[in-house]
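Asker: Going by the numbering used here, 54 is the number at position 64 of the sequence shown; the sequence numbering is gapless.
Ideal placement from N, C-alpha and C gives every residue a C-beta, glycine not left out.
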Amino acid sequence: MKKLWIFWWIANIFWAVIFAVGTAFVWLREVDGTGAIQTLEAKLASFIVLLIAFIFPVIIQVVWLIVNLIINSNKKTKFQQV
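(1) Report yes or no: do the segment -3 to 15 and the segment 37 to 52 share at least 3 C-beta pairs separated by less than 8 Å?
(2) Below 8 Å on the Cβ atoms is my guess for residue 58 versus residue -2; work out the distance and round it to an integer in Å.
(3) Under 7 Å, do residue 41 and residue 12 count as touching if we go by C-beta distance?
(4) I need the boundaries of the alpha helix (DSSP H) containing residue 31, first residue and last residue.
(5) My guess is that residue 51 and residue 1 are in contact by the Cβ rule of under 8 Å, so how many angstroms apart are they, rounded?
(6) Alpha helix (DSSP H) containing residue 26: first to last residue?
(7) Note down, in chain order, each residue of its chain lying with its Cβ closer than 7 Å to the Cβ of residue 19, except the 5 sequence neighbours on either side.
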């Protein structure tokens, strides 16, 4: 059980770091790959695309959290019955 929580936290830290690096990349670049100058509107649009891309991993992490909580509560009730 403890391993599941450790892996969950490691995955969360991994995704948080990747998101932070991606956000820093979007906000700190002056010119994108096509050579277009990055205005505030273009940076916001890129950030929204980044947010949309990270919705899927967030959903997976929430489902994983719920599964961990259910497994944890089932193990507690088994120990209480003994």
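Answerer: Taking the definition as stated:
(1) The way I'd put it, the segment -3 to 15 does touch the segment 37 to 52; three or more beta-carbon pairs between them come closer than 8 Å.
(2) On the sequence shown, residue 58 is found 68 positions in, with the first residue counted as 1. On the sequence shown, residue -2 is found 8 positions in, with the first residue counted as 1. That pair is a contact at about 6 Å.
(3) For this step, residue 41 is matched to residue 51 along the sequence shown. For this step, residue 12 is matched to residue 22 along the sequence shown. Cβ atoms of residue 41 and residue 12: not closer than 7 Å.
(4) Locating residue 31 in the sequence shown gives position 41, where the first residue counts as 1. First-last of the alpha helix (DSSP H) with residue 31: 30 to 43.
(5) By 1-based counting over the sequence shown, the position of residue 51 is 61. By 1-based counting over the sequence shown, the position of residue 1 is 11. Sure, about 7 Å apart at Cβ, within 8 Å.
(6) Along the sequence shown, read from residue 1 onward, the residue named residue 26 stands at position 36. Run containing residue 26: none; DSSP gives neither H nor E here.
(7) Residue mapping note: residue 19 aligns to position 29 of the sequence shown, counting from 1. For residue 19, where only same-chain residues beyond five positions count, the Cβ hits under 7 Å are 28.
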